[in-house]
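What follows is a short report on a single structure.
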Amino acid sequence: MTCAIVDEENMILCQTRSDVTDIFEAEQKRSEALKKALLAAEQATRAKSEFLSRMSHEIRTPMNAIMGMTAIALDNRSDCGQVSECLEKIDMSSNYLLTLINDILEMSRIESGKVVISRREFSFEYLMSSVATIVETLAAKSGVEYQFIENAKPDAQYFGDMMRVQQVLVNILSNAVKFTKSGGKVKFTVDIESETDDETRFCFTVEDTGIGILLRANLPHPSLLRRATFS
1 MTCAIVDEEN MILCQTRSDV TDIFEAEQKR SEALKKALLA AEQATRAKSE FLSRMSHEIR
61 TPMNAIMGMT AIALDNRSDC GQVSECLEKI DMSSNYLLTL INDILEMSRI ESGKVVISRR
121 EFSFEYLMSS VATIVETLAA KSGVEYQFIE NAKPDAQYFG DMMRVQQVLV NILSNAVKFT
181 KSGGKVKFTV DIESETDDET RFCFTVEDTG IGILLRANLP HPSLLRRATF S
């Protein structure tokens, strides 16, 4: 940068020159940092909005199951077996609902863009029962036939994020029921694709007579579960 002092006749009396490259580069870096911070804030805001919008839809699914099982129990108060079965299904749906609520409360994970996948031991039979409890209630309410075929080991124990797998399955199956007309059918099949001493890979297949989707939905990595071993 050059500065000059001139007289009335525009004659240069004094002239100075200084290198402001460092200052300019520092300003550029600050400007870029501000742009990145603004972009990150906008992305976090969008992520929150999309997450809350999706979760508000997902919460209705277990709530409908709870309400449906409660109505059945109230209509069959004298049938202890029926009431007990309804209470067990209400308990499963309530646990699933609690997981969704915890996801909403832990907004820090959304801001960081990270979702922690847990690795805990769980019962495969409980996972399938909890999914069936929610989906069967929705299907019955919509007049849709729901068929479940399990070609796996229901009594086996596995390590993995059961709640994430449950969430994915419930989302896919509830959408299949939602977009299938009354009188239609939704079929859910579970197969073991491969199995070793350490890992088991499942194949979850959902078929329906609804309008279908353009792209085939693939389950994310939580479908890869580790077999529990006992000494």
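Here the working numbering is used: the first residue of the sequence shown is 1, the next is one more, and so on. Idealized CB from N, CA, C, for every residue including glycine.
Find the nearest neighbour of residue i within the set the options, judged by alpha-carbon distance.
| i | options | result |
| --- | --- | --- |
| S94 | A156, T70, T196 | T70 |
| A65 | D91, G81, R46, N76 | D91 |
| T140 | G183, D198, D75 | Per the sequence shown, the amino acid found at residue 140 is Ala instead of Thr. It is G183. |
| M63 | K89, R77, A41, E42 | K89 |
| T99 | V83, L87, V170, F159 | V170 |
| T61 | N76, S142, K29, S31 | S142 |
| T205 | D197, E199, I192 | I192 |
| N102 | S56, I134, S129 | S56 |
| G160 | Y146, T180, E150, E199 | E199 |
| V168 | E195, S130, D197, T180 | S130 |
Distance check for residue j and residue i, CA to CA, integer angstroms please.
| i | j | result |
| --- | --- | --- |
| N175 | F202 | 21 Å |
| I211 | V186 | 12 Å |
| I117 | D22 | 45 Å |
| T45 | K36 | 14 Å |
| T209 | F148 | 15 Å |
| L87 | V135 | 16 Å |
| A132 | K48 | 30 Å |
| V144 | G68 | 15 Å |
Any idea which residues DSSP pairs residue i with across the strands?
| i | result |
| --- | --- |
| I149 | T189 |
| E237 | Limits of the chain in this structure are 1 at one end and 231 at the other, which puts residue 237 out of reach. |
| S123 | Q157 |
**Request:** Evaluate the contact criterion for the stretch 150-165 versus the stretch 116-131: three or more CB pairs, one atom per stretch, below 8 Å.
**Result:** yes
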